[in-house]
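Below: one structure, written as structure tokens.
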Amino acid sequence: MDLSYTPEEEDFRARLRDWLARELPALPPKPSPDDWPGRRAYDLGWQRRLHDAGYADVHWDGTPSARLIFLEETEKAGAPYVGANFVGLLHAGPTIAAEGTAEQRARWLPPILRGEEVWCQGFSEPGAGSDLAALRTRARRDGDTYVVTGSKIWTSHAEVADWCELLVRTDPGAPKHRGITWLALPMDTPGVTVRPLRTLAGSAEFAELFLDEVRVPVANRVGEENDGWRVTMVTLSFERGTAFAGEVVACRRVLGELAGEARKNGRWDEPAVRRRLGRLHAEFRALWRLTQWNVSAAEASGGVPGAGGSVFKLRYSHARQELYDAAAEVLGPDCLDLNRPWVLERLSSLSYTIAAGTSQVQHGIIAERILGLPKGR
């Protein structure tokens with residue numbers, strides 16, 4: 314596989330760099346981390362700028378190389394991340410593009426790309442743990458609607474979302490993987506209650522979601538009834554295979570900053586610190602190559618990442634934790650100062666071996682789907 318860039322792709326890079334150099338100085342000040350309405354407006358404003366400049370759909374319709382160049386250049390330039398638009402742009406949107414009807418794609422995809430609507434993810438449940446298929450939120454068919462009752466947890470960006478990608482159980486008598494349906498829930502529907510959750514790092518981008526006899530049109534179902542587990546695997550393949558790609562670039566930038574800090578404060582003179590940072594440098598270079606491979610492989614197979622995304626997610630989540638552990642070593646006693654760079658990020662990194670499927674789940678996927686080992690009993 315040729316992972317080099319063509320002259321046309323390098324021309325795309327140059328044009329993107331020029332555009333970023335013009336646009337970034339004109340951005341308004343970034344709002345406080347606790348101001349979620351303000352963050353929503355800021356993130357969607359950036360998405361509208363991307364849309365107007367023709368870069369909004371690079372994650373969906375661009376070539377694999379264009380996507381990777383976009384991620385490299387926006388991160389290097391310090392451009393805003395997708396933020397509140399994360400679920401819509403990188404999870405729900407690609408799933409609808411792959412599995413939705415023409416009418417669903419026409420209704421939901423343009424507002425995501427134009428920065429007009431925010432999505433949240435209603436997958437995890439308090440009683441299911443890492444076993445996503447053990448969900449118990451029920452959806453009873455009543456004519457042209459589903460009547461949904463249950464609860465979700467760790468619902469990303471629910472407090473500012475317009476829509477929720479929601480997993481429900483439509484056939485309680487079926488085997489647990491076969492009675493699930495994927496619905497698009499309007500968040501202003503009567504019976505929806507959102508309760509924000511605060512994380513160890515002090516942020517509140519997650520929430521509990523309570524659903525009390527909530528009516529969702531059958532027309533909002535993506536895929537067939539009781540075929541939601543297969544549709545969910547499409548969503549999770551994007552989440553694990555490509556959604557973290559930009560963060561690899563960010564981690565490589567942080568690693569360079571850490572090396573600079575170590576040279577300033579004298580920790581660079583310690584061979585163990587240099588070895589640790591050098592090994593992480595090699596680790597993130599390899600992860601970027603794996604990202605290139607995953608994106609290219611997805612394009613060759615119809616645009617949906619495969620099980621190789623679990624290899625990436627497993628190694629990336631641990632590498633990210635190792636990176637911020639190295640940051641604590643470089644900072645020394647200052648690693649307890651919440652106002653220092655990388656300290657809050659270290660707390661946040663603890664969640665990465667749980668989010669988007671635990672490391673144990675990824676080990677199982679790799680064993681069964683890549684190595685062909687038998688399922689555990």
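To convert, take the position in the sequence shown, counting from 1, and add 313; that gives the working numbering. Don't be surprised by glycine CBs; every beta carbon is placed ideally from N, CA and C. The structure presented is a predicted model; accordingly, all values stated were derived computationally and were not measured.
By the 16-neighbour rule on beta-carbons within 10 angstroms, D501 is exposed. Distance between G396 and W432, taken at the CA atoms: about 11 Å. A direct Cα-to-Cα measurement between W373 and P407 gives close to 7 Å. Scanning E521, R451, L603, K343 for the CA closest to the CA of T494 turns up R451. P503 and A572 have their alpha carbons spaced roughly 52 Å apart. Counting every other CB atom within 10 Å of its CB across the protein chains shown gives K577 a total below 16, marking it as exposed. Assigned with DSSP and collapsed to three states, S464 falls in strand. Taking 3 residues as the minimum length, the beta strand (DSSP E) runs contained wholly in the stretch 369-453 are 432-435, in order along the chain.
P338 and A441 have their alpha carbons spaced roughly 46 Å apart.
Counting along the chain, no alpha helix (DSSP H) covers D525; the unbroken beta strand (DSSP E) around it starts and ends at 519-530. H490 and N539 have their C-alpha atoms spaced approximately 9 Å apart.
The beta carbon of E336 lies closer than 7 Å to those of R362 in the same chain, with the five residues before and after it left out. Between the beta-carbon of G435 and that of T468 there is about 5 Å, and that keeps the pair under the 8 Å contact cut. In the structure shown, P509 falls within a strand segment according to DSSP collapsed to helix, strand and coil. When only Cα atoms are considered, R653 and G541 end up about 44 Å apart.
The closest CA to that of Y629, considering only P423, F597, V473, is found on F597. 8 Å or more divides the Cβ of V529 from the Cβ of V535.
In this chain, W655 is not harboured by any alpha helix (DSSP H), its DSSP state being neither H nor E.
Counting only residues of its own chain and dropping the five nearest sequence neighbours on each side, W349 has a CB closer than 6 Å to the CB of E472, V473. Bridge partners of R534 according to DSSP: L496. For W349, the enclosing alpha helix (DSSP H) begins and ends at 349-366. DSSP lists no bridge partner for E635. A639 sits close to L593, with the two beta carbons spaced by under 8 Å. Burial check for P509: the Cβ neighbour count within 10 Å stays below 16, so the residue is exposed. For the set G559, P499, P393, E518, the Cα lying nearest the Cα of D356 is the one of P393. Measuring C-alpha to C-alpha distances from T671 to each of L496, L445, K465 identifies L445 as the nearest. Between P344 and R352, the C-beta gap is smaller than 8 Å, which places the two residues in contact.
Between R659 and C564, the gap from beta carbon to beta carbon reaches 8 Å or more. When the Cα atoms are used, V505 and V371 turn out to be separated by approximately 33 Å. Between V460 and E526, the beta carbon gap of about 6 Å places them in contact (Cβ cut-off 8 Å). E521 has its alpha-carbon roughly 29 Å from the corresponding atom of L649. The Cβ-Cβ distance between R566 and E388 falls below 8 Å.
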